[in-house]
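Beneath this line is the structure, given in structure tokens, with notes to follow.
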Amino acid sequence: MSFDRWMLVLGALLLGIALVNPLVKRLPITTTIIYLLVGVALSPLWLGLLEVDPFRDVAWLHHGAELAVLVSLFGVGMKLRMRLGHALLRPALSLAVVSMVVTVGLVAATGYWLMGLPVGAAVLLGAVLAPTDPVLASDVQLRHAADRDRVRLTLSAEAGLNDGTAFPFVLMGLALLNPAHSFEPVPWLLRDVIWAGLGGLAIGSATGFGVGTLVLSLQRRRGGSLDFGEYLVMGLVGVSYGLASALHTYGFLAVFAAGVGLRAVERRASAVNQISDTALTDDTARLPLPADDPRVVPVYLAGTLQSTNQQLEHILEAALVLVVGASLWRVGVSGEALWFAPLLFLVIRPLACVPLLFVHRFTRLEAGAVAWFGIRGIGSLFYVTYSIDHGLPREVAGRLVSLTLAVIAVSILVHGISVTPLLDAYHRRKPPR
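Below you can see the structure in the form of structure tokens.
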């Protein structure tokens, strides 16, 4: 499809969403459902205005999904107003590590025993579909930096971490599919798990904290409001991702940690200036002091960057979900997807969340909410296109792409329809803390 037609379609979609957004907010659905349905309608299945081929267009799909995930991960990190080792984040760490392994294993077993996939392809399918999505899950994530809801906090931090912790299993699956190379578990563990994971978190934390400290110092000296917030957001995302990749660590974890590190600058400064948590919503207009007052500059800085990041995230989300809808015509929805998607969401995901009940003492209501809202989305699109771009055989790629896009579409529909009534029910029934 030509660039001018792409601009026309995406521009019309964004204008339409802006105009009907007040109406959509009254409906018990999310805007991602609208994006998906518009994408299907514009595909050759109906109007024929938008033609996307996941194989022909794999390069830009891969990098477009990558950019959307990076921007979203940075935003999630900015919402976590606590250090990564905080006790409140232990359930999310458990989900991102232990439950990730369980999910990959169960999906891989399903792929191998019930679908007849090769071992490498089965592991790769598990890695592609195991991570929950930071891009499409904004409705169930933290609403602002002062939000301490246990379910929202766990879902937010899990999505921030597990898009990085899935990477070693993607590399494992690709290695097992490559007949020219044998899979070596010890180098994989040392290089692709320990070094790449911990190194990415360290690089991102240092970059975010260092840049945040520098910007805050300059902001206090010159006063006034923050200019070019979008440059700072994208610059920090780019630098942390680039440094992490250059040092062979995971850029996703680095960008997430950069958001956490940047928020840590505000957290420390606010503690010194005795800024209360009640002022730390995204609405900085609630602060009693002007933006150029040195005591609240950190809060305004963080709030401005958070708002800028959210705008970028919404635009990328619209474009990528539109692409998912438009891609379904090419790959189709296989019969195995009709039973696999319910198995993933109703059996495998709840089993992977069992540690929340017995280790982290979640109530059944809380654990059930976390288990259900394991949304799959743009992160899975990135991993499957990354695999194609890195030599995944076409005969295997066709089945994996079909399954992945079907699972994403099902997740958008069922989670998009259920999120409002189920979250309302959860907030009514949850015990006060």
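All letters in the sequence shown, in the order written, are residues 1 to 433 by my numbering.
Ideal Cβ positions, reconstructed from N, Cα and C, are used throughout, including at glycine.
(request) Assign Asp282 to one of three DSSP states: helix, strand, or coil. (result) Taking the first residue of the sequence shown as 1, we reach residue 282 at position 282. Residue placement at Asp282 is flagged as unreliable, the pLDDT there being 49, under the threshold of 50; the coordinate-derived value follows with that caveat. Coil.
(request) Alpha carbon to alpha carbon, how far is Tyr35 from Ala12? Give it in angstroms, no decimals. (result) Within the sequence shown, numbered from 1, the residue matching residue 12 stands at position 12. Within the sequence shown, numbered from 1, the residue matching residue 35 stands at position 35. Pairing Ala12 with Tyr35, the inter-Cα distance amounts to about 12 Å.
(message) Leu403 and Leu218 - do their beta-carbons sit closer together than 8 Å?
(response) Stepping through the sequence shown from its first residue, residue 218 is reached at position 218. Stepping through the sequence shown from its first residue, residue 403 is reached at position 403. Not a contact, by the Cβ cut-off of 8 Å.
(message) Which residue wins for smallest C-alpha separation from Leu47, given the options Leu67, Tyr241, Pro185, Trp329?
(response) The count along the sequence shown starts at 1 and reaches residue 47 at position 47. Among Leu67, Tyr241, Pro185, Trp329, the Cα nearest to that of Leu47 belongs to Trp329.
(message) Taking the straight line between their C-alpha atoms, what separation do you get for Phe3 and Ala146?
(response) Here residue 3 corresponds to residue number 3 of the sequence shown, with the count starting at 1. Here residue 146 corresponds to residue number 146 of the sequence shown, with the count starting at 1. Approximately 42 Å between the Cα atoms of the pair.
(message) Whole angstroms are fine: how far does the CA of Thr249 sit from the CA of Thr165?
(response) Taking the sequence shown and counting its residues from 1, the one referred to as residue 165 is at position 165. Taking the sequence shown and counting its residues from 1, the one referred to as residue 249 is at position 249. If you draw a straight line from the Cα of Thr165 to the Cα of Thr249, it comes to about 11 Å.
(message) Suppose the cutoff is 7 Å on Cβ atoms and the five residues either side in sequence are ignored; what does the same chain contact list for Val76 look like?
(response) Taking the first residue of the sequence shown as 1, we reach residue 76 at position 76. Setting aside the 5 residues that flank it on each side, Val76 is surrounded in the same chain by Pro134, Gln141, Ser156, Ala159, Gly160, Phe256, Gly259, each with a C-beta closer than 7 Å to its C-beta; the list follows chain order.
(request) State the CB to CB distance for the pair Asn162 and Pro131, rounded to an integer number of angstroms; the pair is presumed to be in contact (CB under 8 Å). (result) Start at 1 with the first residue of the sequence shown, and residue 162 comes out as number 162. Start at 1 with the first residue of the sequence shown, and residue 131 comes out as number 131. Rounded, the Cβ-Cβ distance is 4 Å, consistent with contact.
(request) Decide if Leu15 is buried, meaning its Cβ has at least 16 other Cβ atoms within 10 Å, or exposed. (result) Along the sequence shown, one-based indexing puts residue 15 at 15. Answer is exposed; the Cβ neighbour count stays below 16.
(message) I'd like the list of long-range same chain contacts for Ala285, defined as Cβ closer than 7 Å, with 5 residues on each side in sequence excluded.
(response) As a first step, residue 285 is located in the sequence shown; it is residue number 285 there, counting from the start. Residue placement at Ala285 cannot be trusted, given a pLDDT of 44 that sits under 50; the coordinates are not used to answer.
(request) Could you check what DSSP says for Lys430 in three-state terms: helix, strand or coil? (result) Residue mapping note: residue 430 aligns to position 430 of the sequence shown, counting from 1. In this structure, Lys430 counts as coil in the three-state DSSP scheme.
(request) Decide if Trp113 is buried, meaning its Cβ has at least 16 other Cβ atoms within 10 Å, or exposed. (result) Position 113 of the sequence shown, counting from 1, holds the residue named residue 113. Label assigned to Trp113: exposed.
(message) In this structure, how does DSSP classify Pro134 when only helix, strand and coil are distinguished?
(response) Numbered from 1 along the sequence shown, position 134 holds the residue referred to as residue 134. Coil, per DSSP.
(message) As an exercise, report each continuous alpha helix (DSSP H) stretch of at least 4 residues that is fully enclosed by the segment 285-360, in chain order.
(response) Whole alpha helix (DSSP H) segments, 4+ residues: 297-331, 335-343, 349-352, 354-358.
(message) If you reduce the DSSP assignment to three classes, tell me which class Pro465 lands in.
(response) This structure does not reach residue 465, given that the chain is present from 1 up to 433, and the question cannot be answered.
(request) Quick one: measure Cβ to Cβ for Ala409 and Leu10, integer angstroms, because I've assumed they're closer than 8 Å. (result) As a working mapping, residue 409 is identified with position 409 in the sequence shown. As a working mapping, residue 10 is identified with position 10 in the sequence shown. At roughly 19 Å, the Cβ-Cβ gap does not stay under 8 Å, so Ala409 and Leu10 are not in contact.
(request) State buried or exposed for Asp192, treating a residue as buried only when at least 16 other CB atoms are found within 10 Å of its CB. (result) Here the question's residue 192 lines up with position 192 in the sequence shown. Within 10 angstroms of the beta-carbon of Asp192 lie 16 or more other beta-carbons, which makes it buried.
(message) With the cut-off set at 8 Å, would you say Thr385 and Pro168 are in Cβ contact?
(response) As a working note, residue 385 is residue 385 in the sequence shown. As a working note, residue 168 is residue 168 in the sequence shown. Against a cut-off of 8 Å, the Cβ pair of Pro168 and Thr385 comes out as no contact.
(message) Assuming the contact rule is C-beta atoms closer than 8 Å, Phe208 and Leu236 should be a hit. Round their C-beta distance to whole Å, please.
(response) The residue labelled residue 208 in the question sits at position 208 within the sequence shown. The residue labelled residue 236 in the question sits at position 236 within the sequence shown. First, the amino acid is wrong: residue 208 is Gly here, not Phe. Sure, about 7 Å apart at Cβ, within 8 Å.
(request) Determine, using beta-carbon pairs with one atom in the segment 198-214 and one in the segment 231-245, whether at least three such pairs fall under 8 Å. (result) Enough Cβ pairs lie closer than 8 Å, so yes.
(request) Assign Lys79 to buried or exposed, taking buried as 16 or more other Cβ atoms, counted over all protein chains shown, within 10 Å of its Cβ. (result) Translated into the one-based positions of the sequence shown, residue 79 becomes position 79. Classification of Lys79: buried, given that the 10 Å Cβ count is 16 or more.
(message) Counting C-beta neighbours from all protein chains within 10 Å, is the total for Asp424 16 or more, i.e. buried, or is it exposed?
(response) In the sequence shown, the residue the question calls residue 424 occupies position 424. By the neighbour-count rule (16 or more Cβ atoms within 10 Å), Asp424 is not buried but exposed.
(request) Put Gln219 into one of helix, strand or coil per three-state DSSP. (result) The residue labelled residue 219 in the question sits at position 219 within the sequence shown. DSSP places Gln219 in the helix class (H, G or I) of the three-state scheme.
(message) The alpha helix (DSSP H) that contains Thr30, what's its start and end?
(response) Taking the sequence shown and counting its residues from 1, the one referred to as residue 30 is at position 30. That residue, Thr30, is in no alpha helix (DSSP H); it is neither H nor E in DSSP.
(message) Let's see if you can read the secondary structure: which residues bound the alpha helix (DSSP H) around Pro22?
(response) Stepping through the sequence shown from its first residue, residue 22 is reached at position 22. Its alpha helix (DSSP H) spans residues 3-25.
(message) Just to confirm, is the Cβ distance from Gly212 to Gly251 under 8 Å?
(response) Taking the first residue of the sequence shown as position 1, residue 212 is located at position 212. Taking the first residue of the sequence shown as position 1, residue 251 is located at position 251. The criterion of a C-beta distance shorter than 8 Å is not satisfied by Gly212 and Gly251.
(message) Can you tell me whether Asn21 is buried or exposed? The criterion is at least 16 other CB atoms within 10 Å of its CB, across all chains shown.
(response) Translated into positions along the sequence shown, residue 21 becomes position 21. In summary, Asn21 is exposed, with fewer than 16 beta-carbon neighbours lying within 10 Å of its beta-carbon over all protein chains present.
(request) Rounded to whole angstroms, what's the CA-CA distance from Leu177 to Arg222? Just pull it up for me. (result) Residue 177 sits at position 177 when you count from the first residue of the sequence shown. Residue 222 sits at position 222 when you count from the first residue of the sequence shown. Whole-angstrom Cα-Cα distance: 56 Å.
(message) Quick check on this structure: which residue in Arg26, Val98, Ile29, Leu50 has the alpha carbon closest to the alpha carbon of Ser8?
(response) In the sequence shown, residue 8 corresponds to position 8, counting from 1. Per the sequence presented here, residue 8 reads as Leu, with Ser not at that position. Taking the Cα of Leu8 as reference, the smallest distance to any Cα among Arg26, Val98, Ile29, Leu50 is reached at Leu50.
(message) Here's a check: name, in chain order, each residue in its chain whose Cβ is nearer than 8 Å to the Cβ of Ser418, leaving out the five neighbours to either side.
(response) As a working note, residue 418 is residue 418 in the sequence shown. Once the five neighbours on either side are set aside, the close Cβ partners of Ser418 are Trp372.
(message) Quick check: Leu381 and Ala41, are their CB atoms within less than 8 Å of each other?
(response) Here residue 381 is taken as the residue at index 381 of the sequence shown, counted from 1. Here residue 41 is taken as the residue at index 41 of the sequence shown, counted from 1. For the 8 Å CB-CB criterion, Leu381 and Ala41 do not form a contact.
(request) Quick one: using the 10 Å Cβ neighbour count with 16 as the cut-off for buried, is His415 buried or exposed? (result) Indexing the sequence shown from 1 puts residue 415 at position 415. His415 is buried by the Cβ-count criterion.
(request) Please go through the same chain and pick out, in chain order, the residues whose beta-carbon is closer than 7 Å to the beta-carbon of Pro44, but skip the five residues on each side of it. (result) Start at 1 with the first residue of the sequence shown, and residue 44 comes out as number 44. Cβ neighbours of Pro44 within its own chain (closer than 7 Å, five residues either side excluded): Glu51, Trp329.
(request) State the Cα-Cα distance for the pair His314 and Leu357, rounded to the nearest angstrom. (result) Taking the sequence shown and counting its residues from 1, the one referred to as residue 314 is at position 314. Taking the sequence shown and counting its residues from 1, the one referred to as residue 357 is at position 357. Straight-line measurement puts the Cα of Leu357 at about 34 Å from the Cα of His314.
(request) Going by CA-CA distance only, name the one from Thr420, Ser72, Leu153, His62 that's closest to Leu84. (result) For the purposes of this step, residue 84 is taken as the residue at position 84 of the sequence shown. The shortest C-alpha to C-alpha distance from Leu84 to any of Thr420, Ser72, Leu153, His62 is the one to Leu153.
(request) Determine the burial state of Gln306: buried for a count of at least 16 other Cβ atoms within 10 Å of its Cβ, exposed for fewer. (result) Residue numbering aside, residue 306 sits at position 306 when the sequence shown is read from its first letter. Looking at its Cβ environment, which holds 16 or more other Cβ atoms inside 10 Å, Gln306 is buried.
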